[in-house]
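K.L.:
The sequence shown begins at 8 in the numbering used here and counts up one residue at a time. Virtual Cβ for every residue (Gly too), placed ideally from N, Cα, C. Before I ask anything, here is the structure I am working with.
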Amino acid sequence: MKSFISIIFAAGIGFLGAKELPPVPELKLPTCRVAPVIDGRLDDPAWKTAAVIPELVQNNTKFPNMHPTRILAACDAENLYVAFICNEPDLENLARKKAAAEYDGPVWMDDCVEVYLGNAENPEVFSQYVVNWAGGRYDGIVFPGRVGKPMRFHDLQWKSAVSRNKNEWIVEFAIPFYNADIKPSAKSFRINFFREKYHSPGEMLAWSRTYERIFAIPSRFGIMHKTAEADDLPGITSVKWPDSILGPSAEAVVSLHSPEAWAGELIAAYAVGDTPPIEFFNRKISLGKNENVTAKCPLARNPEVDKAAFLIGFRKDEKTFWRKHRTLELLDNFKMEKSPSIVAAGEKSVAAAVFRDASTGGCLDWKILDAAGKVLRKQRLAPRARLFFTLPTDELSPGNYRLIVETPSGRAERPFTVISGW
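Structure below.
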């Protein structure tokens, strides 16, 4: 650490004297229905209902906090979501500094934020996550007797993103609870938050003060309690995705674990932006305590959008809790490239279809209907990447018709008119 920080620490050492340390802070953690997108922006609905830590405090001094730092926190059954909003009036000069950006590099040597996460049963073993203002990341697991020497023999699975606005920089985290061996049934866990500000004037800020020069003191970690609504929901242990989501048989295999007995509905839906989820799968489930179950969920294609979040939800007593699991490409596998609009009587016409993936199975069926909806002509064809097919419009009398083309992964309807010869 830099020398001026050491001076600040030294000035504050022992300011409590022999007094007993105050209790650690505690906070109730709301459940988010849809997980936030980790992109450094705070425009997701999850942040609007998140728990708020309005300000971090000086970790080991009497001095007031010079740079406000606010924290938002939420969770679902699998992940903890945290956002730091760090005030920085000299952001322009901070951005000129060279900062460690490599993974597991010395990112703590720059202005950064840290999260320490441990379970309530064995808080002496905990995980550490550091992100600096430039997006550099570091993680590790700390075992008893190894404070300051976290194990880095494997990379933990977590996400982070950084953004910079006027006079502030923001960090978002998504940290799986299993990194700290926090089970889905756990009602609470231990955690602490820190901000290290080296850019002048420097300070070390904390949620729960350690009153020491080091942060890694698990007895001083604060306590977060999961809200009751999330406690008894089944946890999603894995989602197995098909190689392609375009075919009629494409499905995701969802594995669930229920910490408590639970009965309700398993739901799948797509969501685009802040619009309400579009449900396409619903199944009643009943799980016993500590029961594991696997459910197959068809991936119905949404023809209205190119991309959508795939959500898995649990519904009980008219309450639904959503969990985002993946953003899917939902572009139509099938597109009509060419179709007739006006045809001269006595002439044949040509239509063309394009498939993104012609190997997904199924066939292309076309049919021509008259104005009354009666099927006049039809044919079934095997799909190809680009498929041309001839329509027997020379057999039709002048009038209005419809061409309907159907495939397992898409449908098109095109009106056309047959007119008297030129």
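Under three-state DSSP, which class holds Val412?
P.N.:
The residue given as residue 412 occupies position 405 in the sequence shown. Reduced to three states, the DSSP call for Val412 is strand.
K.L.:
What are the start and end residues of each continuous alpha helix (DSSP H) run of 4 or more residues lying completely inside the segment 27-72, in chain order?
P.N.:
Whole alpha helix (DSSP H) segments, 4+ residues: 52-55.
K.L.:
Is the segment 172-183 touching the segment 39-52 in the sense that three or more CB pairs, one from each, lie closer than 8 Å?
P.N.:
Touching, per the Cβ criterion.
K.L.:
In terms of DSSP beta bridges, what is Ser170 paired with?
P.N.:
As a working note, residue 170 is residue 163 in the sequence shown. BP columns for Ser170 point to Ile177.
K.L.:
From the beta carbon of Lys303, is the nearest beta carbon of chain D less than 9 Å away?
P.N.:
Among the chains in the structure shown there is no chain D, since it carries only a single protein chain.
K.L.:
Any idea which residues DSSP pairs Asn289 with across the strands?
P.N.:
As a first step, residue 289 is located in the sequence shown; it is residue number 282 there, counting from the start. Note: Asn289 sits in a beta bridge opposite Ile274.
K.L.:
Give me the DSSP bridge partner(s) of Tyr145.
P.N.:
Walking along the sequence shown from the start, residue 145 turns up at place 138. Bridge partners of Tyr145: Val137.
K.L.:
Quick check: the segment 182-192 against the segment 116-132, are at least 3 beta-carbon pairs closer than 8 Å?
P.N.:
Judged by Cβ distances under 8 Å, the segment 116-132 makes contact with the segment 182-192, as three or more pairs qualify.
K.L.:
Using the C-alpha atoms, what's the distance from Glu272 back to Glu325?
P.N.:
Locating residue 325 in the sequence shown gives position 318, counting from the first residue. Locating residue 272 in the sequence shown gives position 265, counting from the first residue. Cα to Cα, the separation comes out at about 10 Å.
K.L.:
When the distance is taken between beta carbons, is Ala302 closer than 9 Å to Val261?
P.N.:
As a position in the sequence shown, residue 261 is number 254, starting the count at 1. As a position in the sequence shown, residue 302 is number 295, starting the count at 1. In this structure, Ala302 lies closer than 9 Å to Val261 by Cβ.
K.L.:
Tell me the rounded alpha-carbon separation between Ala379 and Met343.
P.N.:
In the sequence shown, residue 379 corresponds to position 372, counting from 1. In the sequence shown, residue 343 corresponds to position 336, counting from 1. Each residue's alpha carbon lies about 24 Å from the other.
K.L.:
Under the rule that 16 or more other beta-carbon atoms within 10 Å means buried, what is Gly19, buried or exposed?
P.N.:
Position 12 of the sequence shown, counting from 1, holds the residue named residue 19. Because the pLDDT of Gly19 is 38, which lies under 50, any placement of that residue in the model is unreliable, and the question is left without a value.
K.L.:
Should the segment 85-102 be called in touch with the segment 199-213, which here means at least 3 C-beta pairs below 8 Å?
P.N.:
With the cut-off at 8 Å, the segment 85-102 and the segment 199-213 touch.
K.L.:
Give me the Cβ distance between Val138 and Ser167, rounded to the nearest whole Å; I'm assuming they're in contact under 8 Å.
P.N.:
Stepping through the sequence shown from its first residue, residue 138 is reached at position 131. Stepping through the sequence shown from its first residue, residue 167 is reached at position 160. Sure, about 5 Å apart at Cβ, within 8 Å.
K.L.:
Relative to the alpha-carbon of Glu85, which residue among Arg384, Ala213, Lys233 has its alpha-carbon at the smallest distance?
P.N.:
Reading the sequence shown from its first residue, position 78 is the one you call residue 85. The shortest Cα separation from Glu85 among Arg384, Ala213, Lys233 belongs to Lys233.
K.L.:
Roughly how many angstroms lie between the CA atoms of Glu402 and Asp377, to the nearest whole one?
P.N.:
The residue you call residue 402 lines up with position 395 of the sequence shown. The residue you call residue 377 lines up with position 370 of the sequence shown. Straight-line Cα distance between these residues: approximately 12 Å.
K.L.:
With H, G and I counted as helix, E and B as strand and the rest as coil, what does DSSP make of Ala257?
P.N.:
Within the sequence shown, residue 257 is the residue found at index 250, counting from 1. DSSP places Ala257 in coil when its eight states are reduced to three.
K.L.:
What do you get for Gln135, buried or exposed, if any count of 16 or more other CB atoms within 10 angstroms of its CB means buried?
P.N.:
Counting from 1 along the sequence shown, the entry for residue 135 is found at position 128. Classification of Gln135: buried, given that the 10 Å Cβ count is 16 or more.
K.L.:
Using only CA atoms, which one of Trp165, Asn172, Arg197 lies nearest to Leu34?
P.N.:
Counted from its first residue, the sequence shown places residue 34 at position 27. Looking at the Cα atoms, Arg197 is the closest of the given residues.
K.L.:
Specify the secondary structure class of Thr397 as computed by DSSP and reduced to three states.
P.N.:
Counting from one through the sequence shown, the residue named residue 397 turns up at place 390. Thr397: strand per DSSP, three-state reduction.
K.L.:
Buried or exposed for Cys370, going by 16 or more other Cβ atoms inside 10 Å?
P.N.:
In the sequence shown, the residue the question calls residue 370 occupies position 363. Counting Cβ neighbours within 10 Å, Cys370 comes out exposed, since fewer than 16 surround it.
K.L.:
Classify Ala419 as helix, strand or coil using the three-state DSSP reduction.
P.N.:
Residue numbering aside, residue 419 sits at position 412 when the sequence shown is read from its first letter. Looking at Ala419 - three-state DSSP - the assignment turns out to be strand.
K.L.:
In angstroms, rounded to a whole number, what distance separates the CA positions of Phe160 and Lys173?
P.N.:
By 1-based counting over the sequence shown, the position of residue 160 is 153. By 1-based counting over the sequence shown, the position of residue 173 is 166. The predicted position of Phe160 is uncertain, since its pLDDT is 46 and thus under 50; a value taken from the coordinates is nonetheless stated next. Taking the straight line from one Cα to the other gives about 38 Å.
K.L.:
Just the C-alpha distance for Asn289 and Val300, rounded to the nearest angstrom, thanks.
P.N.:
Here residue 289 refers to the residue found at position 282 when the sequence shown is read from its first residue. Here residue 300 refers to the residue found at position 293 when the sequence shown is read from its first residue. Spanning the two alpha carbons is a distance of roughly 16 Å.
K.L.:
Quick one, which of Asn129, Thr414, Gly112, Gly353 has its alpha-carbon nearest Gly142's?
P.N.:
As a working mapping, residue 142 is identified with position 135 in the sequence shown. For the residues Asn129, Thr414, Gly112, Gly353, the minimum Cα distance to Gly142 belongs to Gly112.
K.L.:
Mapping the DSSP letters down to three states, classify Trp248 as helix, strand or coil.
P.N.:
Taking the sequence shown and counting its residues from 1, one reaches residue 248 at position 241. If DSSP states are grouped into helix, strand and coil, Trp248 belongs with coil.
K.L.:
Taking its Cβ as the centre, do 16 or more other Cβ atoms sit within 10 Å of Ser215, making it buried, or is it exposed?
P.N.:
Within the sequence shown, the letter at position 208 stands for residue 215. Label assigned to Ser215: buried.
K.L.:
Count the other C-beta atoms from every protein chain shown that fall within 10 angstroms of the C-beta of Arg393, then say buried if there are 16 or more, exposed otherwise.
P.N.:
Translated into positions along the sequence shown, residue 393 becomes position 386. Counting Cβ neighbours within 10 Å, Arg393 comes out exposed, since fewer than 16 surround it.
K.L.:
Tell me which same chain residues have a C-beta within less than 8 Å of the C-beta of Ser195, skipping the five on either side of it?
P.N.:
Taking the sequence shown and counting its residues from 1, one reaches residue 195 at position 188. For Ser195, where only same-chain residues beyond five positions count, the Cβ hits under 8 Å are Ala127, Ile230, Met231, His232, Lys233.
K.L.:
Between which two residues does the alpha helix (DSSP H) containing Asn100 stretch?
P.N.:
Numbered from its first residue, the sequence shown carries residue 100 at position 93. Per DSSP, Asn100 belongs to the alpha helix (DSSP H) from 98-101.
K.L.:
In the DSSP output, which residue or residues are listed as bridge partners for Thr327?
P.N.:
Along the sequence shown, one-based indexing puts residue 327 at 320. In DSSP, Thr327 forms a bridge with Arg322.
K.L.:
In the DSSP assignment, what are the bridge partners of Asp462?
P.N.:
Summary: the structure shown does not reach residue 462, with the chain confined to residues 8 through 429, and so no result is reported for it.
K.L.:
Can you say whether Ile221 is buried or exposed, counting buried as having 16 or more other CB atoms within 10 angstroms of its CB?
P.N.:
Here residue 221 corresponds to residue number 214 of the sequence shown, with the count starting at 1. Result: exposed.
K.L.:
What does the alpha-carbon distance come out to for the pair Pro191 and Gly242?
P.N.:
The sequence position of residue 191 within the sequence shown is 184, counting from 1. The sequence position of residue 242 within the sequence shown is 235, counting from 1. Spanning the two alpha carbons is a distance of roughly 6 Å.
K.L.:
For the beta strand (DSSP E) containing Gly229, list its first residue and its last residue.
P.N.:
Sequence index remark: in the sequence shown, residue 229 carries index 222 (1-based). Gly229 -> beta strand (DSSP E) spans 229-233.
K.L.:
With which residues is Tyr88 paired in a DSSP beta bridge?
P.N.:
Taking the first residue of the sequence shown as 1, we reach residue 88 at position 81. Paired residue(s): Ala81, Ala181.
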